[in-house]
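Worksheet: the structure to be examined is printed underneath.
Protein chains: 2
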Amino acid sequence: MKNIGIAIHGGAGTILKSKMTPQKEADFKSSLEDALTEGWNILNSNKSSLDAVERAVEILENNPLFNAGKGSVFTHEGKHEMDASIMDGKTLNAGCVSSVCNIKNPVLLARLIMEKSDFVYLNGKGAEEFAAKHNLVFEKNEYFFDEYRYSQYLNALEKDSVILDHSDEDKTKKFGTVGAVALDSKGNLAAATSTGGMTNKKFGRIGDSPIIGAGTYANNFTCAVSCTGNGEYFLRSVTAYDVSALMEYRNISLNEAAKFVVQVKLKAIKKKNGLIAIDKYNNISMIFNTKGMYRASIKTGKDIEIKIYK
Amino acid sequence: MKNIGIAIHGGAGTILKSKMTPQKEADFKSSLEDALTEGWNILNSNKSSLDAVERAVEILENNPLFNAGKGSVFTHEGKHEMDASIMDGKTLNAGCVSSVCNIKNPVLLARLIMEKSDFVYLNGKGAEEFAAKHNLVFEKNEYFFDEYRYSQYLNALEKDSVILDHSDEDKTKKFGTVGAVALDSKGNLAAATSTGGMTNKKFGRIGDSPIIGAGTYANNFTCAVSCTGNGEYFLRSVTAYDVSALMEYRNISLNEAAKFVVQVKLKAIKKKNGLIAIDKYNNISMIFNTKGMYRASIKTGKDIEIKIYK
Chain E
10 MKNIGIAIHG GAGTILKSKM TPQKEADFKS SLEDALTEGW NILNSNKSSL DAVERAVEIL
70 ENNPLFNAGK GSVFTHEGKH EMDASIMDGK TLNAGCVSSV CNIKNPVLLA RLIMEKSDFV
130 YLNGKGAEEF AAKHNLVFEK NEYFFDEYRY SQYLNALEKD SVILDHSDED KTKKFGTVGA
190 VALDSKGNLA AATSTGGMTN KKFGRIGDSP IIGAGTYANN FTCAVSCTGN GEYFLRSVTA
250 YDVSALMEYR NISLNEAAKF VVQVKLKAIK KKNGLIAIDK YNNISMIFNT KGMYRASIKT
310 GKDIEIKIYK
Chain W
10 MKNIGIAIHG GAGTILKSKM TPQKEADFKS SLEDALTEGW NILNSNKSSL DAVERAVEIL
70 ENNPLFNAGK GSVFTHEGKH EMDASIMDGK TLNAGCVSSV CNIKNPVLLA RLIMEKSDFV
130 YLNGKGAEEF AAKHNLVFEK NEYFFDEYRY SQYLNALEKD SVILDHSDED KTKKFGTVGA
190 VALDSKGNLA AATSTGGMTN KKFGRIGDSP IIGAGTYANN FTCAVSCTGN GEYFLRSVTA
250 YDVSALMEYR NISLNEAAKF VVQVKLKAIK KKNGLIAIDK YNNISMIFNT KGMYRASIKT
310 GKDIEIKIYK
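For the record, the sequence lines run as chains E and W. All letters in the first sequence, in the order written, are residues 10 to 319 by our numbering. All letters in the second sequence, in the order written, are residues 10 to 319 by our numbering.
Right, dumping it as structure tokens:
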């Protein structure tokens, strides 16, 4: 029997039910369902986990509710700089891109880099040039304009403090990321992550989302992981690969490894984070130490699950 | 008794004795000795391993023999784009920088990012802006001009093939990196890596050198690592952190972990690489599967060791 599964996230943070309207909640849930269903249909038609995670992330990138692609936040200069990465657990091939502007779907560019370049990681103008050479879709600045993101930006500019502001509210804004992990019918794992960065970010800051090992990792022998949370800490702790290394070298389960990383290692240093992961046995973990994480999953023999809060 | 140690590298690759003159060999060796000795003196005066690795890498960056800082190769556009990273094994703090031009010492910028910004990883123009704000030394393009590097560049441009050219000679050119790892008298480990990238590189390519976990990693509980070799593979295999994870999760020695990573994992996929590492017990490993690696080390109770070939 076919054993397939997919999980997606739309970011973790201080997502409070008290601040959510029923309509907004319904919008988030139906958006997650759309992305998950498309990924699931791909897996169901025996296509690859790579295709499934790419497509699920692409749909989340096209949705202004999430901080990735169309919904990307504003940088200090009022631009939208996006990062993404994708990894194939079968070949350990990967593609990463950071600080790109006007690319409609950074996850498609990450895959293009993986498959059509001699490199793993391209950045900025050079990456845009590579995208143009391969006819990837560009969008004008207006496409990425969103009234809510713009007000966040103006507010941040005025205070000039978002980056240092660790109020609960600002943390929600900071941790916007989308991601997907999947297992296909051939037993191949894949992971993808995409983000629009931090509101009012300066100095060409890069977080964990484009970095293999930090924000994204996939290996058929262990698991596929996509992270969301404090990018600075993920970079230093090599979080996504750490889940895989714990499974491989300690011989523990996906759930034990993911829990150890998020609830012991990350919680110990008071960092708010979450991750989704799937292993070769189709076990799915969606773990976070924040108030909430936009998330959804479906797998063989199990109904669709869509959740926001704990 | 004080137990301190430091190891440095100036890149691994197809370094053939048959292509080396006695003068060139002597130049490389005395350059390595200069950098090592400065790092050693810092450790000997009870200063931190962080200071020692930073200074050793800074000296290598100032030497045109090595592909980092002053000796950086030319990109496709005829620029010098540099990457560096540094990590403190005590705090797990880190600083990373990529694609910066005209910065005299990228390793100093990496440390500045670690200590004076809220971020871990800055890139390109934004990182240069941050450097300027903190009065870091900039140099004009002429400072980075080197006749030999320029002829490599013209040759690569003419063939437009360096990136794909896997001839032995070109591999030497590609794998230029410098790095240092050290243990100080307080038992703190640190690592730093710096590179001038690949000759004729395009599209804003980023390798492993600025990435924590890939090219650089340090953790007082395990080891400090700096890699040199195929950056694309290091990114995908999370090489530097892998040595640490093997020690921590499998409870094996530094030497066993480093050998497993370089001689089993990397050799299996025919990737030519090397790394230097030091652990909390002051064991030093300098391992590579190439013809040579510019390397040097010194530690309490052991004489200075400077080597190029196997």
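Glycine is no exception: its CB is placed at the ideal position from the N, C-alpha and C atoms.
- For the options E/114, E/18 and E/158, the alpha carbon positioned closest to that of residue 82 of chain E is the one of E/158.
- Beta-bridge pairing by DSSP links residue 97 of chain E to E/199.
- Residues of chain W with a Cβ closer than 9 Å to the Cβ of residue 62 of chain E do not exist, since the nearest Cβ in that chain sits about 17 Å away.
- Remark: three or more beta-carbon pairs, one from each stretch, lie closer than 8 Å, so the stretch 60 to 79 of chain E and the stretch 183 to 203 of chain E are flagged as touching.
- Residue 72 of chain E and residue 267 of chain W have their C-alpha atoms roughly 45 Å apart.
- Cβ-Cβ separation between residue 216 of chain E and residue 250 of chain E: approximately 16 Å, too far for a contact (criterion under 8 Å).
- Counting other Cβ atoms within 10 Å of its Cβ, residue 115 of chain W reaches 16 or more and is therefore classed as buried.
- Annotation: residue 263 of chain E to residue 311 of chain W spans about 44 Å, alpha carbon to alpha carbon.
- Not one beta carbon of chain E lies nearer than 9 Å to the beta carbon of residue 289 of chain W.
- Secondary structure at residue 194 of chain E: coil, using DSSP grouped into helix, strand and coil.
- With respect to the C-alpha of residue 244 of chain E, the residue from W/259, W/96, W/20 and W/147 having the closest C-alpha is W/96.
- If only complete runs of 3 or more residues are kept, the stretch 93 to 137 of chain E shows the beta strand (DSSP E) at 103 to 109 and 130 to 132, in order along the chain.
- By DSSP's assignment, residue 233 of chain W forms a beta bridge with W/227 and W/287.
- For residue 191 of chain E, no chain W residue has a C-beta closer than 9 Å to its own C-beta; the minimum C-beta separation is roughly 19 Å.
- In chain order, 16, 293 and 314 place their CB closer than 6 Å to the CB of residue 306 of chain E, counting only its own chain and leaving out the 5 sequence neighbours on each side.
- According to DSSP, residue 315 of chain E shares a beta bridge with E/305.
- Secondary structure of residue 21 of chain W (DSSP, three-state): strand.
- Inter-segment contact for the stretch 11 to 28 of chain W and the stretch 47 to 67 of chain E is absent: fewer than three beta-carbon pairs are separated by less than 8 Å.
- For residue 274 of chain W, the CB contacts under 7 Å within the same chain, skipping 5 residues up- and downstream, are 246 in chain order.
- Taking residue 44 of chain E as the centre and dropping the five residues before and after it, the same chain places the C-beta of 17, 65, 68 and 69 closer than 6 Å to its C-beta, in chain order.
- Only 101, 102, 103, 105, 107 and 108 from the stretch 99 to 122 of chain W bring a Cβ to less than 8 Å from some Cβ of chain E.
- Chain W places no beta carbon closer than 9 Å to that of residue 282 of chain E, leaving this residue out of the contacts.
- Distance between residue 87 of chain E and residue 77 of chain W, taken at the CA atoms: about 33 Å.
- Between residue 208 of chain W and residue 288 of chain W, the C-beta spacing is not below 9 Å.
- A residue is called buried when at least 16 other Cβ atoms come within 10 angstroms of its Cβ; residue 219 of chain W meets this threshold and is buried.
- The C-beta of residue 96 of chain E comes closer than 9 Å to at least one C-beta of chain W.
- Taken in chain order, the members of the stretch 119 to 146 of chain W whose beta-carbon sits within less than 8 Å of a beta-carbon on chain E are 126, 127, 128, 129, 130, 131, 132, 133, 134, 135, 136, 138 and 139.
- At a cut-off of 9 Å between C-beta atoms, residue 24 of chain W does not count as an interface residue with respect to chain E.
- For residue 80 of chain W, the closest alpha carbon among the candidates W/112, W/62, W/101 and W/103 is that of W/112.
- The beta-carbon of residue 241 of chain E is placed less than 9 Å from the nearest beta-carbon of chain W.
- Put simply, the stretch 127 to 141 of chain E touches the stretch 91 to 106 of chain E. At least three CB pairs are less than 8 Å apart.
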